[in-house]
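K.L.:
In full-length UniProt numbering, the protein residues as written are 1 to 165.
Think of the CB as a built atom: it goes at the ideal place given N, C-alpha and C, for glycine as much as any other residue.
A single structure is presented below for examination.
So this is what it looks like as C-alpha cells:
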C-alpha cells in the first residue's frame, strides 16, 4: 500500500523546469554557433528583469506561471491560448483571464498570444463585436513592430510557436 502511494506521489510531481542560461540576447532557434542542450532556454537581460518583477509581485501563483511562460515566447513569434494552456495544464479561458490581468504589459508580452484560428482574439480583456477597436489596433501594431505579418483578413501568418513542448 505504501509503495503504491509513493508511486502516485512521484507521478503527480511536476516536470522539472527547463534549464535557463542567462545571456544578453535571445536566440531562437539554436544555431551551431549558439548550440544549446534540448529544452534549454536563453533569456536576455530584459526578460530576466521581467521574470524578477513577476516573481516579486503579490499576484496568484497561477498568474505568475502564465506571465512567466509569456516571457519565453520569442519576439517575432506568437502562440495560441490553446497551446499556452496545454503547456500549463490549464484551460484557454483561464489563460485569457490571467492575460487580461497582466499588469506588466507590453513588457510581459501578452500580445504574442492569439486565437487558435490565428485571429487576434482579445487584448486587454476586450473582445469587440466587429473584431476591431483601439485595443486590437494596439495588439496588431505591437506584433507588426516585432515582424509579425498578417493576411488580407487580419489573421497572423505563420505557425504558432510551441517552444515549450
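Where DSSP assigns a beta bridge to residue 113, which residues make up the other side?
P.N.:
Per DSSP, 79.
K.L.:
Are residue 155 and residue 121 closer than 8 Å when you measure CB to CB?
P.N.:
Result no, Cβ atoms of residue 155 and residue 121 do not sit closer than 8 Å.
K.L.:
What is the rounded straight-line gap between the Cα of residue 80 and the Cα of residue 62?
P.N.:
Going by the C-alpha atoms only, they are around 18 Å apart.
K.L.:
Would you decide whether residue 47 is buried or exposed? Buried here means 16 or more other CB atoms lie within 10 Å of its CB.
P.N.:
Answer is buried; the Cβ neighbour count reaches 16.
K.L.:
Among 65, 108, 59, which one has its Cα closest to the Cα of residue 50?
P.N.:
If we check each option's Cα against that of residue 50, 108 comes out closest.
K.L.:
Tell me, which residues are paired with residue 108 by DSSP?
P.N.:
None, per the DSSP bridge assignment.
K.L.:
Give the range of the alpha helix (DSSP H) segment to which residue 70 is assigned.
P.N.:
61–70 is the extent of the alpha helix (DSSP H) around residue 70.
K.L.:
What is the DSSP secondary structure of residue 95, counted as helix, strand or coil?
P.N.:
Residue state, collapsed to three classes: helix.
K.L.:
Are residue 162 and residue 88 close, meaning C-beta to C-beta below 8 Å?
P.N.:
Taking 8 Å as the Cβ cut-off, residue 162 and residue 88 do not qualify as a contacting pair.
K.L.:
From residue 160 to residue 59, what distance separates their C-alpha atoms?
P.N.:
Their Cα atoms are separated by approximately 28 Å.
K.L.:
What residue from 103, 55, 148 has the CA that sits closest to residue 114's CA?
P.N.:
The option with the nearest alpha carbon to residue 114 is 148.
K.L.:
Could you tell me which residues DSSP pairs with residue 156 in its beta bridges?
P.N.:
DSSP lists 150 as partners of residue 156.
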